[in-house]
Amino acid sequence: MREILEILYALKDEKYKNFNQKIIKTKDEILGVRVLDLRKIAKNLMKNDKWREFLNQKNLKIYELKVIYGVILSSCDLKLSQKLKIYDEFLKKCDNWALIDLIKFQNLSNYNKNELFKFTKKLLKNEKEFILRAGFVNLIYHFIDEKYLSFIFNIGNISQNYYDKMAHAWLISECFAVFPHQTFKFLESKSLDKFTQNKAISKCLDSFRISDEFKSKLKAFKK
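Numbers 5 to 227, taken from the numbering used here, label the letters of the sequence shown in order.
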């Protein structure tokens, strides 16, 4: 750990630190190391087979260390069931959107997707803000598929928290990019709360993957 900290302190950038502190609200210390460098550190730990030792760290208080942890957890050579146990504990220590959005599990089989989907549904029942956001993010990364559309459209207004609602809006906009006709009908129903509905539409309007024809019609669905 001392060696990793030495590398981080050598790479820290005060301007980048100040930038991150503005957009990432966390109680952890932020050093100001770029994500690309953090990914390189994580990759090096995995090459040298030091990642298992790193995942055993329980009391990380520096944001960048948690980023490295999340990168390793996303792609390390563990069974998904083992990853999810670690992920479950890690989420309890996440207090910002950036860490939540960082984790994207790699190389999932159909069996693993089913396992992750069950876990994701549990996350969506959690009232803690960033844990609930993780449920939405998992849906975005792994489950924008016709098989799951009905589930996604029937989630309902399950949170009053800003970062959860933003993730919900992000999810709907991603669905629109892949399944425009189905998602158009969903937004036409105006079943989302005002904030999430309007944010989802705004994200659709900003997307290069959605046609101008759909965009012009979507504006009428704002609340």
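Glycine included, C-beta positions come from ideal geometry on N, C-alpha and C.
All values reported here derive from a predicted model rather than from experimental measurement.
Q201: first and last residue of the uninterrupted alpha helix (DSSP H) it sits in:
Locating residue 201 in the sequence shown gives position 197, where the first residue counts as 1. Counting along the chain, the alpha helix (DSSP H) containing Q201 begins and ends at K198 to D210.
Quick check: the region 123-141 against the region 193-213, are there 3 or more CB pairs under 8 angstroms?
no
Let me check understanding here. Comparing Cα to Cα, which of D53, T124 and K16 lies closest to S79?
Numbered from 1 along the sequence shown, position 75 holds the residue referred to as residue 79. Nearest of D53, T124 and K16 to S79, Cα basis: D53.
Can you give me the Cβ contacts of N188 inside the same chain, cut-off strictly under 8 angstroms, excluding the 5 residues immediately before and after it?
For this step, residue 188 is matched to residue 184 along the sequence shown. A small correction: the amino acid at residue 188 is Phe; Asn does not occupy that position in the sequence shown. Within the same chain, F188 has close Cβ partners F180, F218, K221 and L222.
Taking the beta carbon of E133 as the centre, do at least 16 other beta carbons fall within 10 Å, making it buried, or is it exposed?
For this step, residue 133 is matched to residue 129 along the sequence shown. Result: buried.
With distances taken Cα to Cα, identify the nearest neighbour of F109 among Y145, F199 and K31.
Start at 1 with the first residue of the sequence shown, and residue 109 comes out as number 105. When C-alpha distances from F109 are compared across Y145, F199 and K31, the shortest belongs to Y145.
Cutoff 8 angstroms; reference I159; Cβ partners in own chain excluding five residues on either side:
Position 155 of the sequence shown, counted from the start, is the residue given in the question as residue 159. L128 and H172.
Endpoints, the alpha helix (DSSP H) within which T124 is located:
Indexing the sequence shown from 1 puts residue 124 at position 120. Counting along the chain, the alpha helix (DSSP H) containing T124 begins and ends at N114 to L127.
Tell me the residue span of the alpha helix (DSSP H) that contains M5.
Residue numbering aside, residue 5 sits at position 1 when the sequence shown is read from its first letter. From DSSP, M5 is part of no alpha helix (DSSP H); its letter is neither H nor E.
Beta-carbon proximity list for F199, same chain, < 6 angstroms, skipping 5 on both sides
As a first step, residue 199 must be located in the sequence shown, where it is residue number 195. Answer for F199: K169, listed in chain order.
Does any CB atom of chain D fall closer than 8 angstroms to the CB of I72?
Absent from the structure: chain D. Only one protein chain is present.
For E150, count neighbouring C-beta atoms within 10 Å of its own C-beta (all shown protein chains included) and say buried if the count is 16 or more, exposed if not.
Residue 150 sits at position 146 when you count from the first residue of the sequence shown. By the neighbour-count rule (16 or more Cβ atoms within 10 Å), E150 is not buried but exposed.
How many Å lie between L64 and D216 at the Cα?
For the purposes of this step, residue 64 is identified with residue 60 of the sequence shown, where counting begins at 1. For the purposes of this step, residue 216 is identified with residue 212 of the sequence shown, where counting begins at 1. If you take the alpha carbons of L64 and D216, they lie about 46 angstroms apart.
Outcome for E33 when other beta-carbon atoms lying within 10 angstroms are tallied against a minimum of 16:
Locating residue 33 in the sequence shown gives position 29, where the first residue counts as 1. Burial call: exposed.
Please classify F190: is it buried, with 16 or more other beta-carbons within 10 angstroms of its beta-carbon, or exposed?
In the sequence shown, counting from the first residue as 1, residue 190 sits at position 186. So F190 counts as buried.
Taking one C-beta from the region 18-31 and one from the region 54-62 each time, how about it: are there three or more such pairs within less than 8 angstroms?
no
Return the bridge partner residues of E33 from the DSSP annotation.
Numbered from 1 along the sequence shown, position 29 holds the residue referred to as residue 33. DSSP, once it has assigned bridges, lists I66 as partnering E33.
Classify K87 as helix, strand or coil using the three-state DSSP reduction.
Along the sequence shown, one-based indexing puts residue 87 at 83. Three-state result, K87: helix.
Tell me which residues share the same chain as L175 and place their Cβ nearer than 7 angstroms to its Cβ, disregarding the 5 neighbours each side in the sequence.
The sequence position of residue 175 within the sequence shown is 171, counting from 1. The answer, listed in chain order, is F140, L143, I144 and I156.
For the alpha helix (DSSP H) that contains A181, what are its first and last residues?
The sequence position of residue 181 within the sequence shown is 177, counting from 1. Here the alpha helix (DSSP H) through A181 covers Y166 to V182.
Give the DSSP-derived three-state secondary structure of I28 in the structure shown.
Indexing the sequence shown from 1 puts residue 28 at position 24. Here I28 sits in coil by DSSP.
The alpha helix (DSSP H) that contains E150, what's its start and end?
The count along the sequence shown starts at 1 and reaches residue 150 at position 146. Segment E150 to F157, the alpha helix (DSSP H) holding E150.
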